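Protein chains: 2
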Amino acid sequence: MKKRNTIQKQIILDSIKNTKSHPDVNELLKIVKEKDSTIGKSSIYRNLNSMIEDGSVKLILTNSNSKRYDGNTSNHNHFVCNKCNKVIDIMKEETIDKKLEKEYNFIIQEKNTTYFGICDNCILKKNI
Amino acid sequence: MKKRNTIQKQIILDSIKNTKSHPDVNELLKIVKEKDSTIGKSSIYRNLNSMIEDGSVKLILTNSNSKRYDGNTSNHNHFVCNKCNKVIDIMKEETIDKKLEKEYNFIIQEKNTTYFGICDNCILKKNI
DNA sequence: CCCCTTATTGAGAATGTTTCTCAATAATAT
DNA sequence: ATATTATTGAGAAACATTCTCAATAAGGGG
Numbered sequence: 048m049k050k051r052n053t054i055q056k057q058i059i060l061d062s063i064k065n066t067k068s069h070p071d072v073n074e075l076l077k078i079v080k081e082k083d084s085t086i087g088k089s090s091i092y093r094n095l096n097s098m099i100e101d102g103s104v105k106l107i108l109t110n111s112n113s114k115r116y117d118g119n120t121s122n123h124n125h126f127v128c129n130k131c132n133k134v135i136d137i138m139k140e141e142t143i144d145k146k147l148e149k150e151y152n153f154i155i156q157e158k159n160t161t162y163f164g165i166c167d168n169c170i171l172k173k174n175i
Numbered sequence: 048m049k050k051r052n053t054i055q056k057q058i059i060l061d062s063i064k065n066t067k068s069h070p071d072v073n074e075l076l077k078i079v080k081e082k083d084s085t086i087g088k089s090s091i092y093r094n095l096n097s098m099i100e101d102g103s104v105k106l107i108l109t110n111s112n113s114k115r116y117d118g119n120t121s122n123h124n125h126f127v128c129n130k131c132n133k134v135i136d137i138m139k140e141e142t143i144d145k146k147l148e149k150e151y152n153f154i155i156q157e158k159n160t161t162y163f164g165i166c167d168n169c170i171l172k173k174n175i
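Chains as they are written, first to last, in this note's numbering: chain B, 48 to 175; chain U, 48 to 175.
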């Protein structure tokens with residue numbers, strides 16, 4: 048007997064999968080509570096963490112002090128507004144250049160690529 | 048009369064510029080306190096924020112709950128360990144591929160690119 | 001079906017990070 | 001030197017996230 052299916056998990060996963068707004072925990076809680084107002088914030092944190100663990104949800108890193116989540120796990124990039132922290136999907140095939148900047152009406156100030164994985168030290172320590 | 052030069056600013060900027068460890072605020076505070084033990088945490092936050100504002104320091108986004116800072120503002124990418132959150136510089140010219148993975152002894156699990164800038168809405172609202 | 005076990009939940013406490021407040025200090029222009 | 005006022009350090013306040021725990025409910029075995 049391992050993981051159990053609960054209504055809470057279903058609603059949370061369903062909610063994050065069906066929004067394009069890349070919500071943080073408070074915003075997601077609001078969406079979730081519309082479907083079941085009894086669901087608590089702890090369950091959002093708990094379940095998002097395990098969904099990130101198993102890869103069914105992605106973490107988006109912005110400049111704000113709260114984490115944002117993306118239910119779209121397909122390989123794509125993001126544009127983050129330096130003023131309002133809004134996150135917008137940039138599909139992988141698109142090439143960011145002057146043309147794209149014009150198309151979206153953004154001002155692109157910086158491109159930031161980060162590789163995530165396991166470092167040499169953690170591999171040695173079998174910290175995997 | 049606008050910005051003033053202070054010993055605190057000098058020590059903080061000097062400290063972040065002279066470490067490759069991509070410290071968070073607590074780690075940077077420790078380094079700073081070795082040079083002047085009277086400098087307080089508020090000054091670290093205050094000055095880092097303004098240094099980010101004017102571009103003399105960069106923010107690094109990891110999976111942990113605290114922000115990390117990089118005094119190296121040259122165009123380069125990062126590798127972040129998913130276990131210990133250590134951040135390692137990846138120079139721009141290098142191409143991430145199997146060869147590189149072997150060279151560094153990493154396991155690369157994900158590549159994440161984010162474009163930062165000003166979104167259409169904020170441009171309209173002249174929120175710049 | 002109905003137990004039994006135990007994973008999961010919601011509420012709130014605890015912890016951690018970042019910002020805010022304010023009197024004291026010190027950097028600059030005069 | 002003095003006056004003005006940006007900056008400071010300490011702690012309070014505001015958030016974000018994790019932890020704790022009694023109550024609930026999922027799902028396997030009878």
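All C-beta atoms in this analysis are idealised placements derived from N, C-alpha and C, irrespective of residue type, glycine included. Just so you know, these numbers come straight off a predicted model, no measurement behind them.
DSSP-derived helix/strand/coil call for residue i
{"i": "B/N73", "result": "helix"}
{"i": "U/D167", "result": "helix"}
{"i": "B/V79", "result": "helix"}
{"i": "U/E148", "result": "helix"}
{"i": "U/E157", "result": "strand"}
{"i": "B/L108", "result": "coil"}
{"i": "B/R51", "result": "coil"}
{"i": "B/D117", "result": "strand"}
{"i": "U/D61", "result": "helix"}
{"i": "U/I91", "result": "helix"}
{"i": "U/I143", "result": "coil"}
Contact set for residue i: own chain, Cβ-Cβ below 6 Å, skip 5 residues either direction
{"i": "U/L76", "result": "K88, I91"}
{"i": "B/E140", "result": "none"}
{"i": "B/K105", "result": "D117, T120"}
{"i": "U/N122", "result": "K139"}
{"i": "B/M98", "result": "V104"}
{"i": "B/I143", "result": "none"}
C-beta contact flag for residue i and residue j at 7 Å
{"i": "B/N96", "j": "B/K56", "result": "no"}
{"i": "B/R115", "j": "B/D167", "result": "no"}
{"i": "U/I58", "j": "U/V79", "result": "yes"}
{"i": "U/T161", "j": "B/N159", "result": "yes"}
{"i": "U/C128", "j": "B/C169", "result": "yes"}
Contact set between residue i and chain U, taken where Cβ atoms lie within less than 8 Å
{"i": "B/D167", "result": "Y151, N152, F153"}
{"i": "B/I135", "result": "C166"}
{"i": "B/K158", "result": "T160, T161, Y162, F163"}
Contact set for residue i: own chain, Cβ-Cβ below 8 Å, skip 5 residues either direction
{"i": "B/Y151", "result": "F126, I135"}
Residues near residue i by beta carbon distance below 7 Å, same chain, minus five either side
{"i": "B/S84", "result": "none"}
{"i": "U/L147", "result": "E141"}
{"i": "U/G102", "result": "T120"}
Closer than 7 Å at the beta carbon, the chain U residues around residue i
{"i": "B/K145", "result": "Here the premise fails: no neighbours, minimum Cβ distance about 13 Å."}
{"i": "B/N110", "result": "L106"}
{"i": "B/G72", "result": "Correcting the residue type first, residue 72 of chain B is Val in the shown sequence and not Gly. Within chain U, no residue comes near B/V72; the closest Cβ sits about 12 Å away, beyond 7 Å."}
{"i": "B/N129", "result": "F163, G164, I165"}
Within chain B, partners of residue i - CB distance below 7 Å
{"i": "U/I170", "result": "N152, I154"}
Chain B residues whose Cβ lies nearer than 9 Å to that of residue i
{"i": "U/H125", "result": "N159, T160, T161, Y162"}
Does the region 96 to 114 of chain U come within contact of the region 129 to 145 of chain U, defined as at least 3 CB pairs closer than 8 Å?
By the Cβ test, the region 96 to 114 of chain U is in contact with the region 129 to 145 of chain U, since at least three Cβ pairs between them sit closer than 8 Å.
Would you check if the region 149 to 168 of chain U and the region 58 to 69 of chain U touch, i.e. whether three or more CB-CB distances between them fall below 8 Å?
Segments in contact, no.
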